[in-house]
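Novice:
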Amino acid sequence: MLSSVYVETTIFSYLTARPSGDLVTAGHQRSTAQWWGTAAVRHRLVSSAVVTREVRAGNALMAERRLALMADIPLVEVTDEANDLARALLTAGLLPVDAGADALHVAVAAVNRVDYPATWNLRHLAGAVVRRRIEQALRGRGFDPPMLCTPEELLADSPTVGDCDAT
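The opening residue of the sequence shown carries number 8 in the numbering used here; numbering runs sequentially from there.
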């Protein structure tokens, strides 16, 4: 069975952005494109209305490109339970108060039992310290936490494994 991957907004942004002059960001853009090339056959991709709302923002042409990438990806439900969980993450101080959408990405993935939210948001979601804190908070609220990953971590997989575990 394929693992499920919640495709967060930053993935669509990296896929459609102009190539960055920053070497690290440019490398992330390349690895994101490489991962994206096989993601749909290696994983069950999902997203949410939260992502749709975010990718619509900004430059109209870029928004159109981001939305086109989302066109065939099913959206998981943003439930009252997910909204409550997101508020709890914010109230606990795990994310800044202005990072409500980021908290909602985590909550939607957890409530919908998604295996791996894919993101480049290292500050609020996939950084080692914040990831651990989020996982502990989710466990404390009775959820099996999803493994927040970058596309590079997902790329590190064996083609037959389909999850974030290094092989």
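Using N, Cα and C, we set each Cβ at its ideal position, and we do this for glycine too. These figures come from a predicted structure and were not determined experimentally.
Which two residues bound the contiguous alpha helix (DSSP H) that contains Arg35?
Specialist: Correcting the residue type first, residue 35 is His in the shown sequence and not Arg. Residues Leu30 to Arg49.
Novice: Tell me which residue opens and which closes the alpha helix (DSSP H) that Pro158 is part of.
Specialist: Residues Pro158 to Leu162.
Novice: Report buried or exposed for Leu68, applying the criterion of at least 16 other Cβ atoms within 10 angstroms of its Cβ.
Specialist: By the neighbour-count rule (16 or more Cβ atoms within 10 Å), Leu68 is not buried but exposed.
Novice: With distances taken from CA atoms, which of Ile80, Asn66 and Gly65 is nearest Val48?
Specialist: Closest option to Val48, Cα to Cα, is Ile80.
Novice: State the DSSP-derived secondary structure class of Val14, mapped to helix, strand or coil.
Specialist: Three-state DSSP puts Val14 in a strand.
Novice: Does Asp109 pass the burial test, meaning 16 or more other C-beta atoms within 10 Å, or should it be called exposed?
Specialist: Asp109 comes out buried.
Novice: Please report the distance separating the alpha-carbon of Val14 from that of Leu102.
Specialist: Their backbone Cα atoms lie some 19 Å apart in a straight line.
Novice: So within the segment 83 to 154, which uninterrupted beta strand (DSSP E) runs reach at least 3 residues, ignoring any that extend past its ends?
Specialist: Correct list: 123 to 125.
Novice: Can you give me the C-alpha to C-alpha distance between Leu82 and Thr17, rounded to a whole angstrom?
Specialist: Near 16 Å, if we compare the C-alpha coordinates of Thr17 and Leu82.
Novice: For Asp122, is the classification buried or exposed, using 16 other Cβ atoms within 10 angstroms of its Cβ as the cut-off for buried?
Specialist: With 16 or more other Cβ atoms within 10 Å, it is buried.
Novice: Three Cβ pairs or more, each shorter than 8 Å: is that satisfied between the segment 50 to 62 and the segment 29 to 36?
Specialist: The segment 50 to 62, when compared against the segment 29 to 36, does not touch it at the 8 Å Cβ threshold.
Novice: Starting from Met69, trace the alpha helix (DSSP H) both ways and give me its first and last residue.
Specialist: Start and end: Ala67 to Met77.
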